[in-house]
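A quick write-up on the structure given underneath.
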Amino acid sequence: MDTDGTRETRPTRAGHIPRPAAPPKPSHAPTAGPTLAEWLRVPRSSDGPGVWTYGHVPRAAEEPEVTPLRQLVSGALIALLAGLLLWSLLWNGYLGGFWLWPLYMFTPDSWAGTVPAVVASYTWYAIVATILIVGFGRLGRWPELLRRLLSSRAVQPLHPAESAPQAGGDDDPVRWPQLRGAGLSEAADRLEGEAGSGRMNDVDYARIRRAWDSVRVDPSRMRAFADSVRDKGAAACVHPSGDRDLPVRAARHDLLARQVLLGTVEDGVRNPYARRGTSLALDPDVLGTSLLAVGPSGAGKTQRLVRPVVESLALQALAGQAAVVAVGAAGAQLGPDAAYDVVVRIGDPASVYDLDLYGGATDPDEAATLLAEAFVGDVPGVDVRRAATALAQLLGPFRTAYGRFPAVPELRELLDQVPAAFDALRRELAADGPAHHAMLRELDARTRQHGAHGDPGPALADRVALLDRPAFAGFFDTTGQGRPFSLRALEHPIRVRVDLPERGHADASRMLARLLLAQFNAAAAARADRSLFAFLAFDDASHTLTPETVRGVQRLRSAHAGVLLTLRSLDDVPEALRTPLLGAVGCRMAFSGVTTWDGKRFAEAWGTEWVETRDVTHRTVFADQPLTRLMHSFRKLVTGKAVTTDAVTVRQVERERWSASDLAHAVPPGHAVLSLTSVKGERAAPLLVRLAGTA
1 MDTDGTRETR PTRAGHIPRP AAPPKPSHAP TAGPTLAEWL RVPRSSDGPG VWTYGHVPRA
61 AEEPEVTPLR QLVSGALIAL LAGLLLWSLL WNGYLGGFWL WPLYMFTPDS WAGTVPAVVA
121 SYTWYAIVAT ILIVGFGRLG RWPELLRRLL SSRAVQPLHP AESAPQAGGD DDPVRWPQLR
181 GAGLSEAADR LEGEAGSGRM NDVDYARIRR AWDSVRVDPS RMRAFADSVR DKGAAACVHP
241 SGDRDLPVRA ARHDLLARQV LLGTVEDGVR NPYARRGTSL ALDPDVLGTS LLAVGPSGAG
301 KTQRLVRPVV ESLALQALAG QAAVVAVGAA GAQLGPDAAY DVVVRIGDPA SVYDLDLYGG
361 ATDPDEAATL LAEAFVGDVP GVDVRRAATA LAQLLGPFRT AYGRFPAVPE LRELLDQVPA
421 AFDALRRELA ADGPAHHAML RELDARTRQH GAHGDPGPAL ADRVALLDRP AFAGFFDTTG
481 QGRPFSLRAL EHPIRVRVDL PERGHADASR MLARLLLAQF NAAAAARADR SLFAFLAFDD
541 ASHTLTPETV RGVQRLRSAH AGVLLTLRSL DDVPEALRTP LLGAVGCRMA FSGVTTWDGK
601 RFAEAWGTEW VETRDVTHRT VFADQPLTRL MHSFRKLVTG KAVTTDAVTV RQVERERWSA
661 SDLAHAVPPG HAVLSLTSVK GERAAPLLVR LAGTA
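For the record, in the sequence shown the residue sitting at position 55 is 55 according to UniProt numbering, with numbers rising by one throughout.
Laid out in structure tokens, this is it:
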């Protein structure tokens, strides 16, 4: 059944989704933990971006004033002794009998010595005792002390069960009330039975719910949807790969909220009280503003951030909600091959897939712009626009003559002005008559500009030479013999991993990373259907960013897309781009071990806040009376300290949320400071987070 455009054919060209990189796994992968029904019925609530909504209980915005237990006990004891003393004085008549006047007023003299008089007397004594107990109890805060003692032993429930939907109720998600409301009771019964028997997992539920959302948009699909559910049950509307789960999960996910658990906010004074001790998660709502993470090697960027996020988006892709591309060096721990539909191993002869050097573009000017950004976008003194013009002067005629773009060796020959290559291209264009005179003029212009001052041709040729190596023979093929992957496939729920040959070809890997980022920015913005969340994750984005790609990252949030960029240091980014990069992303993350120089940039990006400070001044007390001086001297002899008084000054001052020194020295290992911004504009102040990592 086709409900969201995920059942097209296998080729990797634009508009198509490729086949899986490995044979399909079993149709159902069971999940551990709570049952599907229990998982669905857990209430979810959020009071800010990044909150793990699964069973979240909101906290107070400000920390209440808590009296120390020792002070409560001493106050209660003093009040008890004072109450007993007053009762003793009243009972023994040391304060007179004035407190008995109500008893004498309402009891006649004839009752003297009778039982009613005794009952009335003890009743009045009980009333007075109750008044004393209540009064001195409030004075000594006995109720607060009692609550404190009981709360320390009470076990609080993990989730507020009273807010969860009741099993079997009309709003029970297991019963699929949306389908029943649309008259598809038979389909709802089938899905309810699948969930109850354990044949449905969380991916199935999220996928079928996504398919139902597409039916609501286009009611003409309802019959096909109902037939698919009736015939296949939980396997309805399955992903084109046939997978219904990942082979292994290394993090904790909540597909109902589309979240991945990242860690726990530290319960310390550095974090806002409302977020202390709460779980922190990432979802497309915050990843849509893009995330920049900086930390030294070994800080855990891959295991604690990149892999959980990529895994979450891969699960969402299986549910028909997202498309994800993960880019890393060969050997990076970004998940097994079976967790992806496409695995591109550049430089590996055993790679099933190739990379489309031109990103699926058919317009020579567009292809030239992408290549120029990747080839010379990081070269000082080279104008990217002139480089794009130089490439377009070659790509246009070549495509007109041969119906395709040039392969790497052919492009290198054209940039080097090899006579045989130029003459062959001219003859091919001239053979078609005057229809291609415009393309001949393009070649003539390239010939005149070659070798002139400021010509970007030599720089382009040098960069293309990095790809014209024996290790890349057979890659970047444009003749149709290979299986190139194009980022134009982002319109489909696809899972892609690109392994770069970082170890032996570092410069080529960086150039290809720039190319992938430029192609992603262009493909995400050019999508006709933006219902899928498109995401690109770089395990290492060093030397990948250019001024144009940074501007492109800033525009991604309006295209329902985002990127994850990890750096060992901001020094891996040109100095002129460091501030624009921090401004272009909505989420910023500093891992433990960053330098003070990097910390300074983050501190500037996070700004300042008003805080309340208390200055305590100790002043020595000088007594005038002899007895007081004697007592002060005795106290100093016993304690060794002079008698002082404290003067407390409370002020509002403006301070950095996190200083460069704090980021460099006060973040423990396994922790990070993270600020979040949602696509709606909601913000979460920088939080110190204890990262959960992957299993």
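Beta carbons: idealized from backbone N, C-alpha and C, even for Gly.
Worksheet item: Alpha carbon to alpha carbon, how far is THR264 from ALA257?
Response: 18 Å
Worksheet item: Touch check for the segment 508-517 and the segment 248-255: three-plus C-beta pairs under 8 Å?
Response: no
Practice prompt. Rounded to whole angstroms, what's the CA-CA distance from PHE538 to ASP499? Just pull it up for me.
Written response: 11 Å
Practice prompt. Would you identify the three-state DSSP class for MET631, choosing helix, strand or coil?
Written response: helix
Item to complete: Check whether the Cβ atoms of ALA332 and VAL324 sit closer than 7 Å, and answer yes or no.
Response: no
Worksheet item: ALA363: which of VAL342, ARG399, LEU139 sits nearest, CA to CA?
Response: A quick correction: the sequence has Asp, not Ala, at residue 363. Comparing Cα positions, the closest option is ARG399.
Practice prompt. Look up GLY50 in the DSSP assignment and say whether it is helix, strand or coil.
Written response: coil
Fill in: Spatially closest choice to ARG568 from ALA576, ARG404, SER592, by CA coordinates
SER592
Discussion item. Comparing C-alpha positions only, which one of ARG551, LEU40, VAL286, PRO409 sits nearest to ASP171?
Written reply: LEU40
Item to complete: Measuring alpha carbon to alpha carbon, tell me which of LEU674, LEU415, ALA250 ends up nearest residue 696.
Response: Limits of the chain in this structure are 1 at one end and 695 at the other, which puts residue 696 out of reach.
Worksheet item: Which class does THR362 belong to by DSSP, given the choice of helix, strand or coil?
Response: coil
Worksheet entry | Endpoints, the beta strand (DSSP E) within which MET589 is located | 587-591
Worksheet item: Whose CA, out of GLY504, ASP529, PHE535, GLU502, lies closest to the CA of LEU517?
Response: PHE535
Item to complete: Keeping to the same chain, check which residues put their C-beta closer than 8 Å to that of THR608; ignore five residues upstream and five downstream.
Response: GLU654, ARG655, GLU656, ARG657
Worksheet item: According to DSSP, what are the bridge partners of HIS560?
Response: Answer is none; HIS560 lacks a bridge partner.
Worksheet item: Start and end of the alpha helix (DSSP H) containing PHE98?
Response: Segment: none, PHE98 is in no alpha helix (DSSP H) and carries neither H nor E.
Worksheet item: Would ASP218 be called buried (16 or more neighbouring beta carbons within 10 Å of its own) or exposed?
Response: exposed
Worksheet item: Excluding five sequence neighbours on each side, which residues of the same chain lie with their C-beta closer than 8 Å to the C-beta of THR53?
Response: ARG44, SER45, SER46, ASP254, ALA257, GLN259, ALA281
Worksheet item: Which residues bound the alpha helix (DSSP H) around GLU413?
Response: 408-415
Item to complete: Check each candidate in LEU81, ARG412, GLN316 and name the one with the smallest Cα separation from HIS239.
Response: GLN316
Item to complete: Below 8 Å on the Cβ atoms is my guess for LEU460 versus ALA387; work out the distance and round it to an integer in Å.
Response: 6 Å
Fill in: ARG497 versus GLU548: straight-line alpha-carbon distance, rounded
24 Å
Worksheet entry | Beta-carbon spacing of VAL382, PRO284 below 7 Å | no
Practice prompt. From the DSSP output, in three-state form, read off GLY599 for me.
Written response: helix
Worksheet entry | Which residues DSSP lists as bridging LEU291, in chain order | LEU564, CYS587
Worksheet item: How many whole angstroms separate the CB atoms of GLN417 and HIS453, which I take to be in contact at a CB cut-off of 8 Å?
Response: GLN417 to HIS453, Cβ: 16 Å. No contact.
Item to complete: Go ahead and pull the three-state DSSP assignment for GLN156.
Response: Residue placement at GLN156 cannot be trusted, given a pLDDT of 45 that sits under 50; the coordinates are not used to answer.
Practice prompt. Return the CA-CA distance between LYS680 and GLY562, expressed in angstroms with no decimal places.
Written response: 14 Å
Fill in: Whole-number beta carbon distance between THR546 and GLU266, since they are thought to touch under 8 Å
36 Å between Cβ atoms; not a contact.
Worksheet item: Which same chain residues, not among the five before or five after GLU442, have their C-beta less than 7 Å away from its C-beta?
Response: GLN393, GLY396, PRO397
Worksheet entry | Euclidean distance between Cα positions of GLY242 and GLU604 | 48 Å
Discussion item. Comparing C-alpha positions only, which one of THR479, VAL294, VAL408, THR579 sits nearest to ALA471?
Written reply: VAL408
Worksheet item: Could you give the distance in angstroms between the alpha-carbon of LEU86 and the alpha-carbon of ALA60?
Response: 40 Å
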